[in-house]
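Colleague: I am attaching a structure below and will ask some questions about it afterwards.
Residue numbers (my numbering): 24 to 139.
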């Protein structure tokens, strides 16, 4: 599937909130850090984004793909790389990945939403 001619499938986010709790791991998301490594817009109680509808482009998987990665990866490969990063976060890894190792994981949907 290529972008923008085909609609992207929805990123399979399970809303665990780990990407939002580790914004310090990437230079691109560090501006969101509230001081403890967690995004300043992350709502711990709901495990969701308090500004989801107006979240920055860096928090939109499909937008990041379009802007920065479509020339390097297929959508499927981009999703696979992001899922690997998600798995590392789920396993408790909080160390920065080596430069150029893979794209970062980004939140693409909130509970109840079908599209990014």
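Where a beta carbon is used, it is the ideal one built from N, C-alpha and C, also for glycine. Values in this document were obtained by computation on a predicted structure and should not be read as measured data.
When DSSP labels each residue in this structure, what does residue 96 get in the three-state scheme?
Modeller: coil
Colleague: Please name the residue in 89, 47, 90, 71 whose C-alpha comes closest to that of residue 60.
Modeller: 47
Colleague: Per DSSP, residue 56 forms a beta bridge with which residues?
Modeller: Paired residues: 62.
Colleague: Tell me whether residue 72 sits in a helix, a strand or coil according to DSSP, three-state version.
Modeller: Strand at residue 72.
Colleague: Here's the rule: buried if 16 or more other CB atoms are within 10 angstroms of the residue's CB, otherwise exposed. What is residue 36?
Modeller: buried
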